[in-house]
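See structure below.
There are 2 protein chains.
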Amino acid sequence: MPKKTAPEARPSRPRRPTDRVAPRPPAAVSSPRRSAILALAAQLFAERGFQATTVRDIADAAGLLSGSLYHHFDSKESMVDELLASFLDDLLARCRGIAGQRLEPREALERMVEEAFDALPRHRAAIVVFQHDAAHLARFERFGYLKVCAQELEDLWVGVLRRGVDSGDLVCPEPELTYRFIRDAVWMSVHWYRLDGALTTRDLSRHYLRVLVEGLAPR
Amino acid sequence: MPKKTAPEARPSRPRRPTDRVAPRPPAAVSSPRRSAILALAAQLFAERGFQATTVRDIADAAGLLSGSLYHHFDSKESMVDELLASFLDDLLARCRGIAGQRLEPREALERMVEEAFDALPRHRAAIVVFQHDAAHLARFERFGYLKVCAQELEDLWVGVLRRGVDSGDLVCPEPELTYRFIRDAVWMSVHWYRLDGALTTRDLSRHYLRVLVEGLAPR
DNA sequence: GTCTATAAAGGGATAGAC
DNA sequence: GTCTATCCCTTTATAGAC
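Just so you know, the sequences run in chain order A and B.
To convert, count from 1 in the first sequence and add 1363; that's my numbering.
To convert, count from 1 in the second sequence and add 1363; that's my numbering.
Shown next as structure tokens:
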């Protein structure tokens, strides 16, 4: 995979007219075929990582030749861009909703955790890709929003934790550290949680909240 | 990066005499130069991911041309192999030591968490690479040991948790789930923990143990 | 909307001179 | 132990026929 050309905002080859200037005139902005291809690409990105997935892999999965993909998408980057942006849009909207309701802090904490596990089945591939490839992608201008969104999420979470500390509802010495602790534990479950297993995402959120809120020491 | 040839146990090109049959006669098995190159490679793997790091990147960092790398190492794979194997050897030895001491379960839990944070500065690059690339590498025969080691680690941890439940020292409804919870929260910190920051790894382990053992609800 | 064919560049790895 | 030079393959992406 061409490390220097593929996921770069400014390709090193001479700029061509189609280089992300317009949404590529002939490509329908949205179609069932397009969505299906994106879903397949998302699955492959999640399984192998963005960089290890070639456009030929995607084309194979969709029953096309690689060149035909470019009728639907500008580039491999565009696909991962759409995938991540729509995930973050959805997640942020929901978290803003919860944080904005001014629930009791402990209730808000629970709702935030439940929300994350709830998103697992809907955004499985995007979550995996975000965890695996966001750090790399975020180095390119086009993906700058990844950092912005992550920061807003952190702010929403830390706000909830702080309110809990202020009200005496939660004991949490370092809200930023605690946020990372929760975030990492919760989102990493996407790597091993099986939709077809015995556990529902509700079971998972209940278990994680129990450990998180009650702790491992007997009360 | 040639997806099908690079990290594969059986390259698709015709098998050549040097294909991992012997440790490549002329290459010194260990030398300061070799170690220095491996350290540089490890850093690059951690920063960009194994696949996104080219042998030319590594050679540049070492002040060599790419061809010269092959005097020291068989392949890019061999480098990541050495990196991961030596990390896992060290970590497993220490965890076996702790688990084998038959400490009080709560004490053992604390020692295991401290051990993990302790390994952070020593094995920073390897931990990042393990998290980022192990799933992909483990699909190839050569890296089968990654799964074996991960399983042994899980067994050691779950053993400690189970003993805690049996003795009433810990409340932990699902030891496997709890292990994953702890593992993911602890090891993910490698992505944001800064050695040169205000927090020592000891601070980190204390904070995480507090949340984990005492919980966020006031006692 | 898909295919054929191919461009342009980068990838891992090798051989042999020095 | 490093360099020169290069092989051979894969990659993303394009152009134009159908």
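Heads up, the beta-carbon is just placed ideally off N, CA and C, and yes, glycines get one too.
Beta-carbon neighbours of residue i, restricted to chain A and to distances below 7 Å
{"i": "residue 1578 of chain B", "result": "1575, 1576, 1577 and 1578"}
{"i": "residue 1518 of chain B", "result": "What residue 1518 of chain B touches in chain A: nothing, since even the nearest Cβ is about 16 Å away."}
{"i": "residue 1540 of chain B", "result": "1570"}
{"i": "residue 1411 of chain B", "result": "1499"}
{"i": "residue 1551 of chain B", "result": "1547 and 1551"}
Enclosing alpha helix (DSSP H) for residue i [first to last residue]
{"i": "residue 1454 of chain B", "result": "1439-1463"}
{"i": "residue 1564 of chain B", "result": "1564-1577"}
{"i": "residue 1508 of chain B", "result": "1508-1530"}
{"i": "residue 1417 of chain B", "result": "Neither: residue 1417 of chain B is in no alpha helix (DSSP H) and is coded neither H nor E."}
{"i": "residue 1489 of chain A", "result": "1468-1500"}
{"i": "residue 1504 of chain B", "result": "That residue, residue 1504 of chain B, is in no alpha helix (DSSP H); it is neither H nor E in DSSP."}
{"i": "residue 1550 of chain B", "result": "1538-1551"}
{"i": "residue 1402 of chain A", "result": "1395-1411"}
Alpha carbon of residue i to alpha carbon of residue j, nearest angstrom
{"i": "residue 1542 of chain B", "j": "residue 1429 of chain B", "result": "42 Å"}
{"i": "residue 1538 of chain B", "j": "residue 1517 of chain B", "result": "10 Å"}
{"i": "residue 1436 of chain B", "j": "residue 1396 of chain A", "result": "46 Å"}
{"i": "residue 1533 of chain B", "j": "residue 1431 of chain B", "result": "55 Å"}
{"i": "residue 1403 of chain B", "j": "residue 1505 of chain B", "result": "22 Å"}
{"i": "residue 1572 of chain B", "j": "residue 1427 of chain A", "result": "52 Å"}
{"i": "residue 1400 of chain B", "j": "residue 1553 of chain B", "result": "22 Å"}
{"i": "residue 1557 of chain B", "j": "residue 1582 of chain B", "result": "32 Å"}
{"i": "residue 1433 of chain A", "j": "residue 1489 of chain B", "result": "38 Å"}
{"i": "residue 1555 of chain A", "j": "residue 1406 of chain A", "result": "15 Å"}
{"i": "residue 1545 of chain A", "j": "residue 1452 of chain B", "result": "29 Å"}
{"i": "residue 1567 of chain B", "j": "residue 1484 of chain B", "result": "12 Å"}
{"i": "residue 1531 of chain A", "j": "residue 1513 of chain A", "result": "27 Å"}
{"i": "residue 1547 of chain B", "j": "residue 1470 of chain A", "result": "24 Å"}
{"i": "residue 1561 of chain A", "j": "residue 1519 of chain A", "result": "32 Å"}
{"i": "residue 1579 of chain A", "j": "residue 1410 of chain A", "result": "34 Å"}
{"i": "residue 1491 of chain B", "j": "residue 1549 of chain A", "result": "18 Å"}
{"i": "residue 1496 of chain B", "j": "residue 1494 of chain A", "result": "12 Å"}
{"i": "residue 1420 of chain A", "j": "residue 1442 of chain B", "result": "27 Å"}
{"i": "residue 1576 of chain A", "j": "residue 1422 of chain B", "result": "49 Å"}
{"i": "residue 1551 of chain A", "j": "residue 1536 of chain B", "result": "20 Å"}
{"i": "residue 1570 of chain A", "j": "residue 1398 of chain A", "result": "35 Å"}
Minimum C-alpha distance to residue i - residue among the options
{"i": "residue 1500 of chain B", "options": "B:1421, B:1559, B:1413 and B:1465", "result": "B:1413"}
{"i": "residue 1503 of chain B", "options": "B:1444, B:1560 and B:1484", "result": "B:1444"}
{"i": "residue 1511 of chain A", "options": "A:1418, A:1417 and A:1447", "result": "A:1447"}
{"i": "residue 1564 of chain B", "options": "B:1442, B:1477, B:1398 and B:1415", "result": "B:1477"}
{"i": "residue 1455 of chain B", "options": "B:1479, B:1469 and B:1438", "result": "B:1479"}
{"i": "residue 1482 of chain B", "options": "B:1458, B:1466, B:1527 and B:1497", "result": "B:1458"}
{"i": "residue 1438 of chain A", "options": "A:1416, A:1452 and A:1453", "result": "A:1416"}
{"i": "residue 1463 of chain A", "options": "A:1559, A:1526 and A:1576", "result": "A:1526"}
{"i": "residue 1487 of chain A", "options": "A:1450, A:1535, A:1475 and A:1473", "result": "A:1450"}
{"i": "residue 1475 of chain A", "options": "A:1521, A:1440 and A:1540", "result": "A:1521"}
{"i": "residue 1574 of chain B", "options": "A:1570, A:1559 and A:1540", "result": "A:1540"}
Under 9 Å from the C-beta of residue i: neighbouring residues of chain A
{"i": "residue 1536 of chain B", "result": "1570, 1573 and 1574"}
Chain-ordered chain B contacts of residue i [CB-CB under 7 Å]
{"i": "residue 1581 of chain A", "result": "1531 and 1534"}
{"i": "residue 1544 of chain A", "result": "1548, 1571 and 1574"}
Contacts that residue i makes with chain A (C-beta to C-beta distance below 8 Å)
{"i": "residue 1438 of chain B", "result": "Near residue 1438 of chain B there are no residues of chain A at all, since even the closest Cβ is about 17 Å away, more than 8 Å."}
Per-residue contacts from residue i into chain B (C-beta, under 8 Å)
{"i": "residue 1495 of chain A", "result": "1495"}
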